[in-house]
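Undergrad: I am attaching a structure below and will ask some questions about it afterwards.
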Amino acid sequence: MSDIILGIDLGTTNSLVAVCENGRPRVIHDKNGEVLVPSVIYWTDEALSPVIGREAKRQRLRDATHTVSSVKRFIGRGKSDLDVGTLNSADTRKSTEKNILVTLGNRSVSAIELSSEILKRLKKMAEEALGINIYKAVVTVPAYFNDSQRSATKAAGTLAGLEIVRIVNEPTAAALAYGLDRKKEGLIAVYDLGGGTFDMSILKLHDGIFEVLATNGDTALGGDDFDQELAHLIMPQLRSQGFTDLNNVDNKSALSEGSERIKMRLSIQDAANESIVLSGKSFETRVTRAEFEKAITPLIEKTVKITRQALEDSGLEKSEINDVVMVGGSTRIPLVRRAISDFFGKEVNTQVNPDEVVALGAAIQADILSGRNTELVLLDVVPLSLGIETYGGTVGKLVHRNTKIPAVAQETFTTHVDGQRNVLIHVLQGERELALDCRSLARFDLKGLPPMPAGLPKIQVTFLVDANGILTVKAKEETTKMEALVEVRPTYGMTDEQVEKMLEQGFEFAEQDLKSRQLIDTRVEAEGILNSAEKILKVAHESESGTPNEFTDDLKIVRTEIDTVRVLMAGNDYIAIKNALEKLEMAAKPIAAKVMNTALNSSLARKNVDDILKK
Amino acid sequence: MNCSHPNTKLFHLCTQCGALVEPAGPVQYFEVFGIKPRFFVDFDKIQKEFYAISRVLHPDRFHGKSNFDSATQWFAVINKALLTLKFPEGRAEYLFSLAHFEPPKAKIGLPPDLASEYFDLQESLEDPSLSISDKNKQMAEFSKKIEIKKLEANSARDQAFKEWEEVGAPLDKLAVPLFERAAREINQRNYLDSMANDLKKNLEK
Numbered sequence: 066m067s068d069i070i071l072g073i074d075l076g077t078t079n080s081l082v083a084v085c086e087n088g089r090p091r092v093i094h095d096k097n098g099e100v101l102v103p104s105v106i107y108w109t110d111e112a113l114s115p116v117i118g119r120e121a122k123r124q125r126l127r128d129a130t131h132t133v134s135s136v137k138r139f140i141g142r143g144k145s146d147l148d149v150g151t152l153n154s155a156d157t158r159k160s161t162e163k164n165i166l167v168t169l170g171n172r173s174v175s176a177i178e179l180s181s182e183i184l185k186r187l188k189k190m191a192e193e194a195l196g197i198n199i200y201k202a203v204v205t206v207p208a209y210f211n212d213s214q215r216s217a218t219k220a221a222g223t224l225a226g227l228e229i230v231r232i233v234n235e236p237t238a239a240a241l242a243y244g245l246d247r248k249k250e251g252l253i254a255v256y257d258l259g260g261g262t263f264d265m266s267i268l269k270l271h272d273g274i275f276e277v278l279a280t281n282g283d284t285a286l287g288g289d290d291f292d293q294e295l296a297h298l299i300m301p302q303l304r305s306q307g308f309t310d311l312n313n314v315d316n317k318s319a320l321s322e323g324s325e326r327i328k329m330r331l332s333i334q335d336a337a338n339e340s341i342v343l344s345g346k347s348f349e350t351r352v353t354r355a356e357f358e359k360a361i362t363p364l365i366e367k368t369v370k371i372t373r374q375a376l377e378d379s380g381l382e383k384s385e386i387n388d389v390v391m392v393g394g395s396t397r398i399p400l401v402r403r404a405i406s407d408f409f410g411k412e413v414n415t416q417v418n419p420d421e422v423v424a425l426g427a428a429i430q431a432d433i434l435s436g437r438n439t440e441l442v443l444l445d446v447v448p449l450s451l452g453i454e455t456y457g458g459t460v461g462k463l464v465h466r467n468t469k470i471p472a473v474a475q476e477t478f479t480t481h482v483d484g485q486r487n488v489l490i491h492v493l494q495g496e497r498e499l500a501l502d503c504r505s506l507a508r509f510d511l512k513g514l515p516p517m518p519a520g521l522p523k524i525q526v527t528f529l530v531d532a533n534g535i536l537t538v539k540a541k542e543e544t545t546k547m548e549a550l551v552e553v554r555p556t557y558g559m560t561d562e563q564v565e566k567m568l569e570q571g572f573e574f575a576e577q578d579l580k581s582r583q584l585i586d587t588r589v590e591a592e593g594i595l596n597s598a599e600k601i602l603k604v605a606h607e608s609e610s611g612t613p614n615e616f617t618d619d620l621k622i623v624r625t626e627i628d629t630v631r632v633l634m635a636g637n638d639y640i641a642i643k644n645a646l647e648k649l650e651m652a653a654k655p656i657a658a659k660v661m662n663t664a665l666n667s668s669l670a671r672k673n674v675d676d677i678l679k680k
Numbered sequence: 337m338n339c340s341h342p343n344t345k346l347f348h349l350c351t352q353c354g355a356l357v358e359p360a361g362p363v364q365y366f367e368v369f370g371i372k373p374r375f376f377v378d379f380d381k382i383q384k385e386f387y388a389i390s391r392v393l394h395p396d397r398f399h400g401k402s403n404f405d406s407a408t409q410w411f412a413v414i415n416k417a418l419l420t421l422k423f424p425e426g427r428a429e430y431l432f433s434l435a436h437f438e439p440p441k442a443k444i445g446l447p448p449d450l451a452s453e454y455f456d457l458q459e460s461l462e463d464p465s466l467s468i469s470d471k472n473k474q475m476a477e478f479s480k481k482i483e484i485k486k487l488e489a490n491s492a493r494d495q496a497f498k499e500w501e502e503v504g505a506p507l508d509k510l511a512v513p514l515f516e517r518a519a520r521e522i523n524q525r526n527y528l529d530s531m532a533n534d535l536k537k538n539l540e541k
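Written out as structure tokens, the structure is:
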């Protein structure tokens with residue numbers, strides 16, 4: 066069994082996987098050379114397992130009812146936490162108090178299972194790239210994830226056949242990758258604005274020790290919300306061109322995708338003209354950067370407020386921060402950079418790769434856990450206070466936010482009524498004073514107390530927060546000889562037994578799964594090859610003009626093979642598809658070589674084939 | 337786990353056999369960092385020692401090993417020790433507990449010389465003829481006085497601890513009279529703190 070531990074960034078929009086080799090982290094590419102796996106799941110009614118990633122993202126526009134994205138905003142949450150924007154087309158009406166269920170066609174799947182499907186895909190991608198089986202991973206989560214969200218993420222790993230040996234906070238992971246390269250010392254602020262979540266962490270880097278001083282955030286604030294604002298902005302334009310049907314899920318998906326495209330353009334251009342296909346008709350939109358910035362200003366201000374709080378909690382002044390590191394895809398937005406650099410009164414650091422740095426950090430942490438890296442230590446904190454509901458519905462805090470983890474805390478409680486035989490212990494997480502404003506993590510009943518006058522029993526409650534930021538609670542009655550001991554792990558929508566049962570079922574279906582899996586994989590592979598083949602044809606056609614038609618016949622053959630593959634892809638015979646693909650690749654090879662020669666002779670001499678194909 | 341190799345530290349990884357050597361019972365927080373129980377400490381030194389301990393004893397160093405759970409629990413205690421000794425308030429409270437001294441819970445009110453001023457302020461706040469900015473000004477002035485009193489209480493507390501350390505820092509009943517003095521000042525300061533917070537909230541309104 067291999068002892069490789071993967072580093073996984075399970076993101077709202079994209080996920081990626083990295084590994085450490087000889088102390089250096091690197092991201093893993095898939096067969097097509099892609100690093101980012103879109104966190105999108107496409108699951109048809111017939112398929113035993115879903116399609117994940119780029120292909121699923123393409124399907125979102127064609128078949129939105131069987132597609133779901135931004136699952137991270139659902140994990141470890143219940144019905145009452147549903148605060149995702151209307152743009153997320155996921156049907157979550159079947160959710161329960163403790164668990165969000167997404168309806169995809171005729172099946173309903175929990176957020177934990179959906180996340181586990183993404184993890185399975187990443188696991189497989191790494192296994193293919195490294196040529197070994199992998200059983201362990203370090204997975205990152207937003208620093209501001211609460212206990213339920215962390216536990217649920219761990220369960221998703223178990224379901225995917227991966228032991229999550231450590232949950233690491235995303236900004237902390239980013240700091241690890243940042244600090245490893247630069248051997249930096251000093252105080253840094255990590256501003257991490259991703260697709261769906263925001264974190265701000267203040268760290269002290271000192272001779273290989275990465276010490277988190279304070280962290281704060283919002284687990285429902287990110288790029289998705291900017292897309293939503295853009296959708297609001299272009300809505301009047303669409304309406305004036307006759308668009309009405311927003312309730313259609315395909316349209317919602319198309320609108321969300323179109324908004325995302327506009328947003329990306331506006332990071333490099335002052336205005337974006339984009340056409341969006343809705344209900345089969347093309348609509349024209351135009352948004353200026355100024356309009357976009359005005360719309361998202363309140364959201365950016367929210368991140369500034371959170372940044373101020375984290376700084377205050379760290380006990381530092383703005384001027385003491387040596388470097389402000391920008392992480393997450395949304396930090397490409399110029400206004401974000403401007404606002405944060407204004408706040409700190411200094412240029413922000415945009416040198417790290419905002420998409421990859423978190424996964425790289427996770428891989429470094431994996432290296433630390435494997436015992437290979439003994440230079441670095443990560444000292445992290447608990448993001449949200451933990452406590453117990455006390456008499457009168459207030460919260461008695463046992464562990465305050467930003468306490469170093471692992472953390473232990475003890476407190477003694479007593480009864481309020483004479484002869485009381487049991488005590489209900491209600492575990493809470495959050496900063497608010499009243500229990501009903503905090504998140505309920507667990508309730509347990511300490512039964513069998515001998516009857517005593519009120520105030521006499523001594524019930525000692527112990528909280529232990531481990532290095533993952535996950536809490537275990539123990540309670541013990543001390544006055545009498547009889548001791549009651551209860552150990553409670555907070556709930557997150559699924560019990561350990563449920564997870565185990567699902568794993569067993571997974572094995573039963575494994576063989577069936579394998580076949581449909583291979584069909585799906587072959588289809589995905591085929592899409593990739595078809596794409597490249599079409600590009601080669603295009604480049605070949607372009608370079609043909611002015612030169613003798615030396616490969617017209619070859620082009621015809623490639624065209625025929627492409628068509629054959631397309632026909633077979635509609636069927637279920639993955640072996641036939643594989644054979645056709647081989648023929649296509651054979652046919653395309655000479656053309657690819659010629660295209661390359663032509664290219665090398667031209668002004669593109671210094672570029673490689675990939676660049677030409679990307680044209 | 338324990339090994340028989342000699343070492344002076346409370347927690348350590350034995351350099352000879354690699355065992356995680358744990359204390360047998362509850363630990364004394366000052367001892368964790370190899371210092372004597374005192375109110376006045378060199379926190380930089382504590383922090384340095386904490387980092388040195390972290391390098392060896394952080395649970396990440398015990399991943400997949402049999403003593404991982406006990407490493408987690410002990411490191412939680414080390415974190416708690418650091419947090420307790422970080423601020424004077426925590427150190428004072430911890431020293432009290434080491435000496436089995438229970439600080440009196442007697443209710444502390446306003447310092448007498450502030451009392452009449454406080455009642456004047458209350459009257460002004462309820463006076464409808466005064467403008468909001470006048471009221472804010474009065475509150476701000478009173479806040480300043482509270483801040484001065486807080487500093488006074490702190491230095492009186494420090495003085496008590498200084499005298500305690502001068503007589504050899506006993507952790508038994510010999511400490512009681514000095515600890516009582518310190519505790520009174522701490523209570524006074526806490527009272528002023530909550531009053532300052534109330535005023536701050538009022539000012540924000």
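Here the protein sequences line up with chains A and B, keeping their order. Quick note: the first sequence uses our numbering, first residue 66, plus one each step. Quick note: the second sequence uses our numbering, first residue 337, plus one each step. C-beta: ideal position from N, C-alpha, C; glycine also. Just so you know, these numbers come straight off a predicted model, no measurement behind them.
#1: Expressed to the nearest angstrom, what Euclidean distance is found between the alpha-carbon atoms of Ala598/A and Glu358/A?
#2: Which of the three DSSP states is assigned to Ile253/A in this structure?
#3: Hey, does Asp285/B have any beta-carbon neighbour from chain A nearer than 7 Å?
#4: According to the Cβ coordinates, are Val488/A and Leu511/A closer than 7 Å?
#5: Indicate whether at least one CB of chain B lies closer than 7 Å to the CB of Asp531/A.
#6: For chain A, find out if any of its Cβ atoms is closer than 7 Å to the Cβ of Lys416/B; answer yes or no.
#7: Considering only residues of the stretch 470–501 of chain A, which uninterrupted beta strand (DSSP E) runs meet the minimum length of 3 residues and lie entirely inside it, listed in chain order?
#8: Using only alpha-carbon positions, find the residue among Tyr365/B, Asp396/B, Lys441/B and Phe404/B that is nearest to Glu385/B.
#9: For Tyr365/B, report the span of its beta strand (DSSP E) as first-last.
#10: Could you tell me the alpha carbon to alpha carbon distance between Asn87/A and Asn438/A, rounded to whole angstroms?
#11: In chain B, which residues lie with their C-beta within 9 Å of the C-beta of Val277/A?
#12: Can you list the residues of chain A that Ser390/B reaches, using a CB-CB cut of under 8 Å?
#13: In chain order, what residues of the same chain lie with their CB nearer than 8 Å to the CB of Val482/A, ignoring the 5 residues before and after it?
#14: What are the boundary residues of the beta strand (DSSP E) that includes Thr368/A?
#15: Is Pro448/B buried or exposed, if buried means 16 or more other CB atoms sit within 10 Å of its CB?
#16: Give the DSSP-derived three-state secondary structure of Tyr430/B in the structure shown.
#17: Ordered along the chain, which non-local residues of its own chain (more than five positions away) have a Cβ less than 6 Å from that of Glu529/B?
#18: What would DSSP say about Glu546/B, mapped onto helix, strand or coil?
#19: Say whether chain B places a C-beta atom closer than 7 Å to the C-beta of Ile433/A.
#20: Residues in the stretch 408–436 of chain B with C-beta within 8 Å of chain A's C-beta atoms, listed in sequence order?
#21: Compute the distance between the beta-carbons of Val136/A and Ala427/A, then report whether it is under 7 Å.
#22: Cβ of Val102/A within 7 Å of Cβ of Val92/A?
#23: Hey, would you say Gly287/A sits closer than 7 Å to Gly259/A, going by beta carbons?
#24: Using 7 Å as the threshold, is the C-beta distance between Thr309/A and Asp445/A below it?
#25: State the start and end residues of the unbroken alpha helix (DSSP H) segment that holds Asn490/B.
#26: Looking at the secondary structure, which residues open and close the alpha helix (DSSP H) in which Ile414/B lies?
#27: Among the candidates Leu529/A, Asp432/A and Leu443/A, whose CA atom is the shortest distance from the CA of Glu476/A?
#28: By the criterion of Cβ-Cβ separation under 7 Å, what are the contact partners of Pro471/A in chain B?
#29: Do Pro471/A and Ala388/B have their CB atoms nearer than 7 Å?
#30: Could you run through the stretch 514–545 of chain A and flag, in chain order, every residue whose CB is less than 9 Å away from some CB of chain B?
#31: Smallest Cα separation from Val422/A: which of Ser347/A, Asp257/A, Ala319/A and Arg508/A?
#32: Give the C-beta separation of Leu187/A and Val84/A to the nearest angstrom, bearing in mind that I take them to be a contact with Cβ-Cβ under 8 Å.
#33: Is the beta carbon of Thr587/A within less than 6 Å of some heavy atom of the ligand COA?
#34: Please report the residue range of the alpha helix (DSSP H) in which Ile183/A lies.
#35: Taking a cut of 9 Å between CB atoms, which residues from the stretch 326–352 of chain A lie near chain B?
#36: Under 7 Å between beta-carbons, which chain B residues line up against Val230/A? List them in chain order, please.
TA: Judging by the given coordinates:
#1: 40 Å
#2: Strand.
#3: Look at the range of chain B in this structure, 337 to 541, and you will see that residue 285/B is not part of it.
#4: Closer than 7 Å, so yes.
#5: Closer than 7 Å: yes.
#6: yes
#7: 472–478 and 488–494
#8: Tyr365/B
#9: Here Tyr365/B belongs to no beta strand (DSSP E); instead the alpha helix (DSSP H) covers Tyr365 to Val368.
#10: The alpha-carbon atoms of Asn87/A and Asn438/A are separated by roughly 9 Å.
#11: The contacting residues do not exist; Val277/A stays about 12 Å from chain B at best.
#12: Ile274, Val442 and Leu444
#13: Ala519
#14: It is not in any beta strand (DSSP E) - Thr368/A instead sits in the alpha helix (DSSP H) that spans Arg354 to Ser379.
#15: exposed
#16: helix
#17: A small fix is needed here, since residue 529/B is Asp in this sequence, not Glu. Nothing meets the Cβ criterion.
#18: Chain B is shown from 337 up to 541; residue 546/B falls before or after that span and cannot be answered.
#19: yes
#20: Thr408, Gln409, Phe411, Ala412, Val413, Asn415, Lys416, Leu418 and Leu419
#21: no
#22: no
#23: yes
#24: no
#25: Ile468 to Glu502
#26: For Ile414/B, the enclosing alpha helix (DSSP H) has its first and last residue at Phe404 to Lys422.
#27: Leu529/A
#28: Pro395, Thr408, Phe411, Ala412 and Asn415
#29: no
#30: Taking a C-beta cut-off of 9 Å against chain B, the contacting residues of the stretch 514–545 of chain A are Leu529, Val530, Asp531 and Ala532, listed in chain order.
#31: Asp257/A
#32: Going by Cβ atoms, the distance from Leu187/A to Val84/A rounds to 11 Å, so no, they are not a contact pair.
#33: This structure simply doesn't include the ligand COA, nor any ligand for that matter.
#34: For Ile183/A, the enclosing alpha helix (DSSP H) stretches over residues Ala176 to Leu195.
#35: Answer set for the stretch 326–352 of chain A: empty.
#36: Here the neighbours are His399.
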